[in-house]
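**Student:**
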Amino acid sequence: MGFRLGVFACLILLAAEASAAFRCGTSLVDEGDWPVEVRERCGEPDYVAEYPQAVLPGLGIINTIEHWYYNPGPGRFIRRLEFRDGRLHREDTMGYGFPPGAPGPCKPRLIREGLSEFEVAARCGEPLSRRVTWYTPPDHRPRDNAVQATYPVEEWLYGFGSTEFRRVVTLRNGRVIEVKTADKPQ
304 MGFRLGVFAC
314 LILLAAEASA
324 AFRCGTSLVD
334 EGDWPVEVRE
344 RCGEPDYVAE
354 YPQAVLPGLG
364 IINTIEHWYY
374 NPGPGRFIRR
384 LEFRDGRLHR
394 EDTMGYGFPP
404 GAPGPCKPRL
414 IREGLSEFEV
424 AARCGEPLSR
434 RVTWYTPPDH
444 RPRDNAVQAT
454 YPVEEWLYGF
464 GSTEFRRVVT
474 LRNGRVIEVK
484 TADKPQ
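Positions in the sequence shown are counted from 1; adding 303 to them yields the working numbering.
1. From the DSSP output, in three-state form, read off residue 379 for me.
2. Nearest to residue 421 by alpha carbon, out of 332, 369, 365, 337?
3. Taking all protein chains shown into account, do 16 or more other C-beta atoms lie within 10 angstroms of the C-beta of residue 410, making it buried, or fewer, making it exposed?
4. Do residue 351 and residue 418 have their C-beta atoms within less than 7 Å of each other?
5. So, is residue 381 buried or exposed, given that buried needs 16 or more other C-beta atoms within 10 angstroms?
6. From the DSSP output, in three-state form, read off residue 342 for me.
7. Is residue 467 helix, strand or coil by DSSP?
8. Would you mind sorting residue 486 into buried or exposed? The rule is 16 or more other CB atoms within 10 Å of its CB.
9. Hey, could you find the ends of the beta strand (DSSP E) residue 429 is sitting in?
10. Within 10 angstroms of its Cβ, does residue 461 collect 16 or more other Cβ (buried), or is it exposed?
11. Is DSSP giving residue 416 helix, strand or coil here?
12. Sorted by chain position, which residues of the same chain lie with C-beta nearer than 7 Å to residue 467's C-beta, five sequence neighbours on each side aside?
13. By how many angstroms is the C-alpha of residue 481 removed from the C-alpha of residue 464?
14. Within the same chain, show all residues whose beta-carbon is closer than 6 Å to that of residue 324, passing over the 5 residues directly before and after it, in chain order.
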């Protein structure tokens, strides 16, 4: 009984270790790896986005997050690697990949909630303009000596020619959370 329990415990530990690491070609990449180690094992990412994560009044941005995207092509899932404080923090599996340079046309109706920043940028190119604002949820009222929960929200502005209104694409943590029609045409 003790032997079986020991083998079972080892299998659980191995499964937990295997789930923390993921394969990049013939190499393994694991949480805590440096960006240079990931680049050596996985190659250059297909897309990189950097976000401010923490700001102190008077000092400015004191912490950033980087998202690296790897598109392995059709039939396989896009991987997003999140780096915090110069280390690999997390790996996420996104939607299906697409042939390099051919994700499809950029049409306003195809930009929808849930898409990743990489999918929007690959389909539509870089936005005409972008800005970062800091959002504090309305239910977080300041209390004495309390830190307010504030997070960055990025807005991308896209144009679609003189016959379409521009679109404001709002992203949080690399995902589209809202798409609005701009007030003015081009």
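Just so it is clear, CB atoms sit at the ideal spot from N, CA and C, and this is done for glycine as well.
**Tutor:** Based on what the coordinates show:
1. coil
2. 369
3. exposed
4. no
5. buried
6. helix
7. coil
8. exposed
9. Taken as a continuous stretch (DSSP letters only), residue 429 belongs to no beta strand (DSSP E), as it is neither H nor E.
10. buried
11. coil
12. 411
13. 21 Å
14. 331, 333
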